[in-house]
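Peer 1: I'd like to ask you about the structure that follows.
Residue numbers (the working numbering): 16 to 186.
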């Protein structure tokens with residue numbers, strides 16, 4: 016039994032759509048999925064009423080980047096826990112902390128790196144946070160390469176689908 020051409024086209028189109036949709040959604044950054052037009056600046060507060068607090072920023076490959084109001088005794092490990100933790104593929108041996116240091120009359124920017132690959136060697140006082148600190152977590156080059164490959168495969172998938180649709184319509 017032979018399926019009529021119009022049904023072949025119909026089935027082919029739906030098969031293409033069915034296979035494209037999940038890969039397209041998976042290839043998109045979470046920030047692109049339904050968050051258009053929302054304010055990307057997020058402030059979090061984890062202090063109790065009456066606590067002395069500081070504001071710190073955390074950027075990069077973290078579950079919930081943003082500006083955090085935390086108690087003054089918060090450590091880097093505490094902050095990473097409050098943010099939901101680093102994303103997969105983060106350079107845990109190169110966490111950057113940018114700190115503004117004021118010594119009368121000058122203000123200077125100090126940047127240093129913390130290695131959290133082996134947490135057992137870290138002492139809380141070594142990673143104490145100060146007001147205005149900015150913590151940056153970077154992805155490994157392999158993680159960025161995976162994202163690029165994923166984006167390219169999505170484009171190739173769409174191009175293939177368009178070519179198949181054109182070929183079907185020309186038959």
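From the three backbone atoms N, C-alpha and C, an ideal C-beta is built for every residue, glycine too.
Are the C-beta atoms of residue 116 and some chain B residue less than 8 Å apart?
Peer 2: In the displayed structure, chain B is absent; only one protein chain is listed.
Peer 1: CB-CB under 8 Å to residue 53, same chain, minus the five flanking residues each way: which ones, in chain order?
Peer 2: Low confidence applies here, because residue 53 scores a pLDDT of 48, under 50, leaving its location unreliable; read the following figure in that light. For residue 53, where only same-chain residues beyond five positions count, there are no Cβ hits under 8 Å.
Peer 1: Return helix, strand or coil for residue 89, following the three-state DSSP convention.
Peer 2: Note: residue 89 maps to coil in three-state DSSP.
Peer 1: Quick one: is residue 131 buried, meaning 16 or more other Cβ sit within 10 Å of its Cβ, or exposed?
Peer 2: Per the 10 Å Cβ criterion, buried.
Peer 1: Between the alpha carbons of residue 89 and residue 103, how many angstroms are there, rounded?
Peer 2: Each residue's alpha carbon lies about 24 Å from the other.
Peer 1: Residues in the same chain with beta-carbon distance under 8 Å from residue 74, minus the five sequence neighbours each way, listed in chain order, please.
Peer 2: Taken in chain order, the residues that qualify are 80, 149, 150, 151 and 152.
Peer 1: Rounded to whole angstroms, what is the Cα-Cα separation between residue 72 and residue 147?
Peer 2: Computed Cα separation, rounded: 7 Å.
Peer 1: Closest by CA to residue 87, which one among 111, 145, 116 and 117?
Peer 2: Of the listed residues, the one whose Cα sits closest to residue 87 is 145.
Peer 1: Where DSSP assigns a beta bridge to residue 121, which residues make up the other side?
Peer 2: Residue 121 pairs with 118.
Peer 1: With 16 as the cutoff for other CB atoms within 10 Å, does residue 181 come out buried or exposed?
Peer 2: Burial call: exposed.
Peer 1: With distances taken from CA atoms, which of 143, 170, 62 and 113 is nearest residue 127?
Peer 2: Looking at the Cα atoms, 113 is the closest of the given residues.
Peer 1: From this set, 168, 133, 99 and 183, which residue's C-alpha is nearest residue 76's C-alpha?
Peer 2: Per the Cα distances, 99.
Peer 1: Taking the alpha-carbon positions, what's the residue 121 to residue 163 distance?
Peer 2: C-alpha separation (whole angstroms): 43 Å.
Peer 1: Taking the continuous beta strand (DSSP E) assigned at residue 70, which residues delimit it?
Peer 2: 68-75 is the extent of the beta strand (DSSP E) around residue 70.
Peer 1: If we count the other Cβ atoms within 10 Å of its Cβ and call it buried at 16 or more, is residue 110 buried or exposed?
Peer 2: It is buried - the Cβ of residue 110 has at least 16 other Cβ atoms within 10 Å.
Peer 1: Could you name the residues of the same chain whose beta carbon sits closer than 6 Å to that of residue 97, not counting the 5 residues immediately before and after it, in chain order?
Peer 2: Excluding residues within five positions, the ones whose Cβ falls inside 6 Å are 61.
Peer 1: So residue 59 is in the beta strand (DSSP E); what residue range does that whole segment cover?
Peer 2: Residue 59 -> beta strand (DSSP E) spans 58-60.
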